[in-house]
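2 protein chains.
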Amino acid sequence: MEFTFLGTSAGTPTRSRNVTGLALCRSGPKPWYLVDCGEGTQHQLLRTRYSVMQLRAIFITHIHGDHTFGLPGLLTSASMLGRTEPLDIIAPTQVQRLIHAVINNSDSSLSYSLNFIDSEAPDFYWQDDYFSVTNVALSHRVPCRAYKFTERHLERQLLQAELRQDGIEPGPSWGELQKGNDVLLDDGRLIRSDDYTHLPRTARRLIVAGDNDTPELLAEAARDSHVLVHESTYTQEVADRVGPWPQHSSAEQVARFAQQVKLPNLVLTHFSSRYQSGPVGTPHISQVAAEAMQHYQGNLFLARDFETYRLEKDLSLVPLSKGT
Amino acid sequence: MEFTFLGTSAGTPTRSRNVTGLALCRSGPKPWYLVDCGEGTQHQLLRTRYSVMQLRAIFITHIHGDHTFGLPGLLTSASMLGRTEPLDIIAPTQVQRLIHAVINNSDSSLSYSLNFIDSEAPDFYWQDDYFSVTNVALSHRVPCRAYKFTERHLERQLLQAELRQDGIEPGPSWGELQKGNDVLLDDGRLIRSDDYTHLPRTARRLIVAGDNDTPELLAEAARDSHVLVHESTYTQEVADRVGPWPQHSSAEQVARFAQQVKLPNLVLTHFSSRYQSGPVGTPHISQVAAEAMQHYQGNLFLARDFETYRLEKDLSLVPLSKGT
Chain D
1 MEFTFLGTSA GTPTRSRNVT GLALCRSGPK PWYLVDCGEG TQHQLLRTRY SVMQLRAIFI
61 THIHGDHTFG LPGLLTSASM LGRTEPLDII APTQVQRLIH AVINNSDSSL SYSLNFIDSE
121 APDFYWQDDY FSVTNVALSH RVPCRAYKFT ERHLERQLLQ AELRQDGIEP GPSWGELQKG
181 NDVLLDDGRL IRSDDYTHLP RTARRLIVAG DNDTPELLAE AARDSHVLVH ESTYTQEVAD
241 RVGPWPQHSS AEQVARFAQQ VKLPNLVLTH FSSRYQSGPV GTPHISQVAA EAMQHYQGNL
301 FLARDFETYR LEKDLSLVPL SKGT
Chain P
1 MEFTFLGTSA GTPTRSRNVT GLALCRSGPK PWYLVDCGEG TQHQLLRTRY SVMQLRAIFI
61 THIHGDHTFG LPGLLTSASM LGRTEPLDII APTQVQRLIH AVINNSDSSL SYSLNFIDSE
121 APDFYWQDDY FSVTNVALSH RVPCRAYKFT ERHLERQLLQ AELRQDGIEP GPSWGELQKG
181 NDVLLDDGRL IRSDDYTHLP RTARRLIVAG DNDTPELLAE AARDSHVLVH ESTYTQEVAD
241 RVGPWPQHSS AEQVARFAQQ VKLPNLVLTH FSSRYQSGPV GTPHISQVAA EAMQHYQGNL
301 FLARDFETYR LEKDLSLVPL SKGT
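So this is what it looks like as structure tokens:
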């Protein structure tokens, strides 16, 4: 499982950070998934291995422009490239209105269909062959969600000794059982895959959260998750000065939460544009890192644009490239 | 008078060319003017000396997304930066609907007012202290305009000998006359600025055209203009293969027109993303240049992103930086 940050700035882009977007895949870039789509996301994608032609679904956390204004351009560019595959858009219903209004007022049309799915539906659940996705309501100025991705269809190992012992000989039924399918034998017996296969590892689980001032809302979802990607717009000192109105989290808040729920890997993102990443300048992004480290003993990462992380099958998180 | 290309690609961005946008100023970046605003225009501006805080007006040639999808992000970013100055948006009326729909469906608001001016009004005319602007209807799949910028308030030279000869002595009235204002003297005489000042040079005139398959529509406007910025989406061979539907111009078409009207400076832009600018790759942007050169003997330029041109007071056009 890999994910690449397409933007790590809050509100407005900077010279080194675009506004929010994250590309996710299970094992290679076909298919892949996009979480949020700030302006310029299609531009960022041109510098990655991800193509809008292989995009399976877009998950939008909330309606703010720094998470949505890249949608019209990305969708119409995919059309100009000749996409025909339908595309799922999991988002608040206003996003559908925004897209339709923009298409209708720009003489645009799409060569493929959009399948809108309401992210705020109480029974929200999405899945394909690679992932099942649930979400968690967060606390922000507008309704906002965290998406939890759980990998599906893990490789099963056949319990060959048990199969032979019960008189089930090698053949097509073994293949079905290994795929997770139950099998009706010629002798009338119904054989359950779960009884004759073994899952040698845990399904990997990743949470990508939207804007949120209450990390504790993720306590339940985080319990069995291996990575949390969460906003950390400011340090606590700046958050105190700004006041509660924007409803963002400080580095300290997120770090304390991650420590409390014993989260193994925490990736912070969505930094206020006041933070610089160059060698000089105050306030500096290292202040955010220093604050988080004080309160969290797990593996801490501060995301940068184009940085790619791999969540290995052994559940370790490895940064693959340094980003910008 | 200077202008900087913020995007020179048609339809979709490439790694080296953004979609359309052009920044223009009279003498320094305060105030400045934007012609078209494709997605990512605010990002491009971060790499120039232009700030959204000093932007005086946005001129939109037509409603297509590669000329408009950067508006929501640019406008809301200006708001987040605290802009309070009203902003003129000269555009087809659908652009107003697009902006309102996006703002209403993204929990956005602006800290300043937008003043929408219909670019398709038959009597369109706009001016401020620096420029007067007219437009010309072009031929494209949707209504589209070229904007002609003419500098205003040229520096006048006082005809001092004539003033003294007519008994008008140095004083505040000389200052008013030099500014172009007529003056009522104490003795009751009304003195006209035009009678006692001289304009030592011609007002500079620049046309920035939108998408257009009929350059000849600009014949009248081009007659006294010093620079034409015009799309040249393909070479003639590609245009023939694509067919007339997209309603774009070939390099040959624009070059023939510029030669015919004896235009001194022609800057081509809005190149199909099929053209590469690197050392290898076919088709190559140099094919567009070669074709235009065959049919035009004036000063020919092919725009690149971030390239800045200065139209000097002596009416020569000088590229100031190489762009990307």
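Protein sequence lines, in the order shown, are assigned to chains D and P. For the first sequence, this note's numbering assigns the number 1 to the initial residue and increments by one for each residue that follows. For the second sequence, this note's numbering assigns the number 1 to the initial residue and increments by one for each residue that follows. Glycine included, each C-beta is placed from N, C-alpha and C at the ideal position. Because the structure is a prediction, the values reported are computed rather than measured.
Closest residue to residue i among the options (Cα-Cα distance)
i, options, result
"Ala292 (chain D)", "D:Leu311, D:Asp305, D:Phe271, D:Ser225", "D:Phe271"
"Arg189 (chain P)", "P:Gly167, P:Arg274, P:Glu151, P:Cys144", "P:Gly167"
"Phe69 (chain D)", "D:Arg304, D:Arg97, D:Glu169", "D:Arg97"
"Phe306 (chain P)", "P:Thr14, P:Phe116, P:Asn18, P:Gly11", "P:Asn18"
"Met80 (chain D)", "D:Ile117, D:Gln42, D:Val95", "D:Gln42"
"Ser16 (chain P)", "P:Asp314, P:Ala289, P:Gln276", "P:Gln276"
"Leu138 (chain D)", "D:Tyr130, D:Tyr147, D:Phe131", "D:Tyr147"
"Arg49 (chain D)", "D:Glu39, D:Pro29, D:Phe59, D:His62", "D:Pro29"
Span of the beta strand (DSSP E) around residue i
i, result
"His230 (chain P)", "227-231"
"Ser132 (chain D)", "131-137"
"Cys144 (chain P)", "Segment: none, Cys144 (chain P) is in no beta strand (DSSP E) and carries neither H nor E."
"Trp32 (chain P)", "32-37"
"Leu114 (chain D)", "114-118"
N- and C-terminal bounds of the alpha helix (DSSP H) containing residue i
i, result
"Tyr196 (chain P)", "193-196"
"Pro72 (chain D)", "71-80"
"Gly175 (chain P)", "172-178"
"Gly65 (chain D)", "65-68"
"Asn104 (chain D)", "93-104"
"Val254 (chain D)", "251-260"
"Asp240 (chain D)", "236-242"
"Thr4 (chain D)", "Note, Thr4 (chain D): premise wrong, no alpha helix (DSSP H); beta strand (DSSP E) at 2-7."
"Arg164 (chain P)", "160-165"
"Leu45 (chain D)", "41-45"
"Val288 (chain P)", "285-295"
"Ala219 (chain P)", "219-222"
Residue-level contact to chain P via CB, residue i, 8 Å cutoff
i, result
"Thr76 (chain D)", "yes"
"Ser108 (chain D)", "yes"
"Gln42 (chain D)", "yes"
"Glu39 (chain D)", "yes"
"Phe271 (chain D)", "no"
"Ile191 (chain D)", "no"
"Ala101 (chain D)", "yes"
"Arg83 (chain D)", "no"
"Gln54 (chain D)", "no"
"Leu138 (chain D)", "no"
"Arg256 (chain D)", "no"
"Pro86 (chain D)", "no"
"Pro246 (chain D)", "no"
Cβ separation of residue i and residue j, assumed to be a contact under 8 Å, to the nearest whole Å
i, j, result
"Ser9 (chain D)", "Ser273 (chain D)", "6 Å"
"His230 (chain D)", "Val254 (chain D)", "5 Å"
"Leu6 (chain P)", "Gln54 (chain P)", "In fact, because the Cβ distance is near 15 Å, the residues do not count as touching under 8 Å."
"Val52 (chain D)", "Ala91 (chain D)", "Not a contact, Cβ separation roughly 17 Å."
"Leu311 (chain D)", "Leu317 (chain D)", "5 Å"
"His295 (chain P)", "Glu237 (chain P)", "14 Å between Cβ atoms; not a contact."
"Phe3 (chain D)", "Leu24 (chain D)", "4 Å"
"Asp88 (chain D)", "Ala57 (chain D)", "4 Å"
"Thr76 (chain D)", "Gly65 (chain P)", "5 Å"
"Arg204 (chain P)", "Leu315 (chain P)", "7 Å"
"Leu154 (chain D)", "Leu217 (chain D)", "Between Leu217 (chain D) and Leu154 (chain D) the Cβ distance is about 28 Å, and since that is not below 8 Å, they are no contact."
Environment of residue i [buried if 16+ CB atoms lie within 10 Å]
i, result
"Asn265 (chain P)", "buried"
"His67 (chain D)", "buried"
"Ser232 (chain P)", "buried"
"Ala222 (chain P)", "buried"
"Arg304 (chain P)", "buried"
"Asn212 (chain P)", "buried"
"Leu184 (chain P)", "exposed"
"Glu39 (chain P)", "buried"
"Tyr234 (chain D)", "buried"
"Asn115 (chain D)", "exposed"
Chain D within 8 Å of residue i, Cβ atoms only
i, result
"Leu114 (chain P)", "no"
"Gln253 (chain P)", "no"
"Ala23 (chain P)", "no"
"His153 (chain P)", "no"
"Phe5 (chain P)", "no"
"Gly243 (chain P)", "no"
"Ile63 (chain P)", "yes"
"Gln94 (chain P)", "yes"
"Val142 (chain P)", "yes"
"Leu46 (chain P)", "yes"
Chain A contact residues for residue i, given Cβ-Cβ distances below 8 Å
i, result
"Leu98 (chain D)", "Of the protein chains in this structure, namely D and P, none is chain A."
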